[in-house]
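Quick note: UniProt numbering has the sequence shown finishing at residue 207, numbered continuously throughout.
Don't be surprised by glycine CBs; every beta carbon is placed ideally from N, CA and C.
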Amino acid sequence: RVILGHGGGGGGGGGGGGPTPAEGSTPPAKKAKVTGGSKPHVFMDVSIGGKPVGRIEFELRKDVVPKTAENFRCLCTGEKGTGRQGKALHFKNSVFHRIIPGFMAQGGDFTKGNGTGGESIYGAKFQDENFQLKHDRPYLLSMANSGRHTNGSQFFITFDRTPHLNGKHVVFGSVIKGQDVVKKMQNVGTSSGSTKGQVKITDCGEC
């Protein structure tokens with residue numbers, strides 16, 4: 001299972017202890033082919049409990065972490081087609097399966113929807129690119145993982161500063177519009193990570 005540690009404080013694990021994605025079962029990731037500008041913008045339209053709540057727009061830091069940013073951009077557009085697991089490499093219609101108020105909202109598991117799946121555009125897990133960008137404010141985009149160099153498609157949006165994640169998770173972008181939507185998502189989270197209503201990405205793409 002791809003999870004994040006909560007750090008100090010209550011709440012927490014959100015279903016930790018499950019199986020981690022198999023490591024070493026796929027060949028090394030191919031070298032990234034990076035396209036587009038240095039800070040592309042992408043969007044996600046979100047619904048909660050089946051009701052549309054708005055659009056989130058992100059700026060991706062391809063200038064700092066090009067491979068990580070390109071992975072996320074392509075998963076927003078769906079331009080890479082079908083992955084090795086037979087599922088579309090696309091965030092559309094996937095869910096935020098884990099939301100902890102005061103911490104983060106985690107999504108990107110478009111193969112299983114529960115935090116145990118997902119796939120990068122490179123096929124294999126890919127390495128932590130660098131830790132240059134820090135978890136120093138809310139509304140950041142960062143990669144979820146199950147240890148060093150296990151990045152796939154799962155990501156999280158921070159609700160606060162999370163410095164305990166520095167050096168462990170790769171920050172690759174930030175929310176530039178739709179902070180109100182992120183707050184609505186936070187409101188349906190729980191300390192265990194389960195959500196009070198399904199939080200779904202109904203559409204996504206490049207701006």
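Assigned secondary structure, residue i (DSSP; H/G/I helix, E/B strand, else coil)
i	result
K105	This sequence places Ala at residue 105; Lys is not what is there. Three-state result, A105: strand.
C207	coil
R161	coil
R55	strand
D136	coil
L89	coil
K184	helix
R148	coil
T111	coil
K67	helix
T77	helix
F126	strand
G24	Note that G24 scores 34 on pLDDT, short of 50, meaning its location in the model is unreliable and no value can be drawn from it.
A29	Annotation note: pLDDT 43 at A29 (below 50); position unreliable, coordinate value reported separately. Reduced to three states, the DSSP call for A29 is coil.
F72	helix
Residue from the options whose Cα sits closest to the Cα of residue i
i	options	result
N130	G178, P66, T195, T202	P66
G113	V181, H90, H41, V42	H90
I100	F159, Q154, H169, D203	F159
G118	G189, I56, A144, H164	A144
P138	S120, G123, G173, H41	G173
F58	T190, H135, G178	G178
H164	D136, D109, R148	D136
C74	Q198, F103, L60	L60
V181	G54, G50, H169	G54
A124	D109, T150, G102	T150
K168	G152, G147, R161	G147
R161	G152, S153, F103, T116	F103
S192	R98, I121, S153, T82	R98
Rounded Cβ spacing between residue i and residue j (contact assumed at less than 8 Å)
i	j	result
I157	L141	6 Å
E206	P40	6 Å
K92	T111	About 13 Å separates the two Cβ atoms, so there is no contact after all.
A105	M185	5 Å
G78	V95	Actually they do not touch by this definition, with Cβ atoms about 16 Å apart.
A69	K80	So it is not a contact: roughly 14 Å between Cβ atoms.
T190	K196	7 Å
V188	V199	6 Å
Residue(s) in a DSSP beta bridge with residue i
i	result
F43	E57, G205
L141	I157, G173
K200	S47, V95
I100	M104
T82	A88
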